[in-house]
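Residue numbers (the UniProt record's numbering): 1 to 262.
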Ligand code: ADP
Ligand code: MG
C-alpha cells in the first residue's frame, strides 16, 4: 500500500529500483455507468511477482476494475500505470501497453473456428510480429506447460471447459505479458475441472508471474495470494495478507461476506 516508488526517470534508474516499482498502479480511479458509481477512488499498486486476489460480493466492481486495467473499460478520472507508463485512452501506445496485460475471463473466449494451436499463435504473429515457425514452437511449449499440447490440432468445442480455459491461459501467456488478470476463471467450469485450472494458476504464481485474480475459490486465495483486496460497493474496504483477511476481517462487510462463503 505504501509502495509508491515510481520515479519519472525510473527507466534509467537500474534494476534494483525496478523490482520495487509497482507493475500495475491505480491512482484515484473513478468510474460511473450512468448514475451508478461503480469504482470509487480506487488506489492499488501491485509489485512485480506479487499475487493479488480480489474478493467481494457480486456487483462490487471487481470485473470493472479488471477491465479498466487493460482498457476494456475507460475510466472517468484518476490514472492507471502499467510498469510506470500511464495507460492511454487510445492509439498505438494503448495497443502496446495492452499487450503487456494478459487477461483470462470466466467465459474462455477462444476463437471457435480456429484450432487450439492457431488460437495461441494468432496474436503473437499479428501483434508481436513473431515469425510463424517461432510462434508455432512457442505456442506448443505453452500448450505443453498447461498440459493440453496433445489437443493442439483440435477445435475449442472438442475440448472440455477446463482444457479450454487452460488454452486461454496459454494464449494470454503467448503475448509475454508483464501481468496476468484472471476474472473468475473457474466460475463457468464443472466442479471437477476447477482444480486443473487453479493448479496452472498456482504454478504460474510460483514461477513469479505478477497476477491479479478475481475468484471465489477461497482455498486458492489462501494458498496463492500475497495480498487480498476486499471490494464492496465500488470501494476497496480492506487490504491485507490472507491470514489477516480471513482470520481478522475488520469491516462488517467483510465479516458478512466471509460468513456466507466459508
Ligand atoms: P463484480 O465483478 O464485482 O460482480 P461488476 O464490475 O461486474 O461487479 O459490476 C459492478 C456494477 O456495475 C454492477 O452493478 C453491474 O450491474 C454494473 N455494470 C457492469 N458493467 C456494466 C455496463 N457495461 N453498463 C452498466 N452497468 C454495468
Ligand atoms: Mg465479475
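Glycine included, each C-beta is placed from N, C-alpha and C at the ideal position.
Thinking residue i and residue j are a contact (beta carbons under 8 Å), I'd like their distance in whole angstroms, please.
{"i": "residue 349", "j": "residue 146", "result": "As shown, the chain starts at 1 and ends at 262. That puts residue 349 outside it, with no answer to give."}
{"i": "residue 228", "j": "residue 46", "result": "Actually they do not touch by this definition, with Cβ atoms about 13 Å apart."}
{"i": "residue 122", "j": "residue 129", "result": "Incorrect: roughly 12 Å between the Cβ atoms, too far for contact."}
{"i": "residue 21", "j": "residue 43", "result": "Not really, about 16 Å apart at Cβ, beyond 8 Å."}
{"i": "residue 24", "j": "residue 69", "result": "6 Å"}
Kindly identify the DSSP beta-bridge partner or partners of residue i.
{"i": "residue 230", "result": "55 and 238"}
{"i": "residue 22", "result": "47"}
{"i": "residue 37", "result": "32"}
{"i": "residue 211", "result": "51 and 180"}
{"i": "residue 27", "result": "79"}
{"i": "residue 125", "result": "Paired residues: none, contrary to the question."}
{"i": "residue 42", "result": "29"}
{"i": "residue 103", "result": "181"}
Taking the alpha-carbon of residue i as reference, which of the options has the nearest alpha-carbon?
{"i": "residue 224", "options": "114, 138 and 209", "result": "209"}
{"i": "residue 183", "options": "88, 61, 81 and 152", "result": "61"}
{"i": "residue 50", "options": "85, 204 and 161", "result": "204"}
{"i": "residue 59", "options": "149, 36 and 48", "result": "36"}
{"i": "residue 153", "options": "162, 161, 139 and 165", "result": "139"}
{"i": "residue 171", "options": "234, 125 and 88", "result": "125"}
{"i": "residue 243", "options": "232, 234, 253 and 218", "result": "218"}
{"i": "residue 232", "options": "29, 57, 196 and 206", "result": "57"}
{"i": "residue 226", "options": "245, 88, 89 and 67", "result": "245"}
{"i": "residue 181", "options": "73, 67 and 261", "result": "67"}
{"i": "residue 169", "options": "104, 235, 260 and 24", "result": "104"}
{"i": "residue 207", "options": "216, 179, 247 and 191", "result": "179"}
{"i": "residue 164", "options": "174, 257 and 112", "result": "112"}
{"i": "residue 132", "options": "71, 29, 174 and 260", "result": "174"}
{"i": "residue 89", "options": "257, 71 and 134", "result": "71"}
{"i": "residue 241", "options": "48, 55 and 34", "result": "55"}
Near residue i, which residues of its chain fall below 7 Å by C-beta distance, leaving aside the five closest residues on each side in sequence?
{"i": "residue 251", "result": "237 and 238"}
{"i": "residue 14", "result": "Note that residue 14 scores 44 on pLDDT, short of 50, meaning its location in the model is unreliable and no value can be drawn from it."}
{"i": "residue 32", "result": "38 and 76"}
{"i": "residue 106", "result": "183, 184, 185, 187 and 188"}
{"i": "residue 162", "result": "189, 193, 196 and 197"}
For residue i, I'd like the list of residues in its chain whose CB is within less than 8 Å of its CB, leaving aside the five on either flank, ordered along the chain.
{"i": "residue 158", "result": "151"}
{"i": "residue 167", "result": "108, 110, 116, 119, 120, 143, 146, 148, 151, 156 and 159"}
{"i": "residue 136", "result": "117 and 121"}
{"i": "residue 177", "result": "99, 100, 101 and 102"}
{"i": "residue 12", "result": "Reliability of the predicted coordinates at residue 12 is poor, the pLDDT of 42 falling under 50, and the value obtained from them is presented with this limitation in mind. Excluding sequence neighbours, residue 12 sits near nothing in its chain."}
{"i": "residue 86", "result": "79 and 80"}
{"i": "residue 202", "result": "220, 223 and 224"}
{"i": "residue 73", "result": "31, 64 and 67"}
For residue i, collect the residues of the same chain with a Cβ closer than 6 Å to its Cβ; drop the 5 residues on either side in sequence, then sort them by chain order.
{"i": "residue 63", "result": "183"}
{"i": "residue 10", "result": "Confidence at residue 10 is low in this model, with a pLDDT of 40, below 50, so the placement of that residue should be treated as unreliable; the coordinate-derived value is given next. Answer for residue 10: 21 and 84, listed in chain order."}
{"i": "residue 40", "result": "234 and 235"}
Can you check the segment 50 to 101 for any beta strand (DSSP E) of at least 3 residues that lies completely inside it and give the ranges in chain order? Counting only runs that start and end inside the segment 50 to 101, the beta strand (DSSP E) elements of at least 3 residues fall at 51 to 55 and 77 to 82.
Going residue by residue through the segment 153 to 200, where are the continuous beta strand (DSSP E) segments of at least 3 residues, counting only ones entirely within it? Secondary structure remark: continuous beta strand (DSSP E) runs of at least 3 residues inside the segment 153 to 200, in chain order: 179 to 183.
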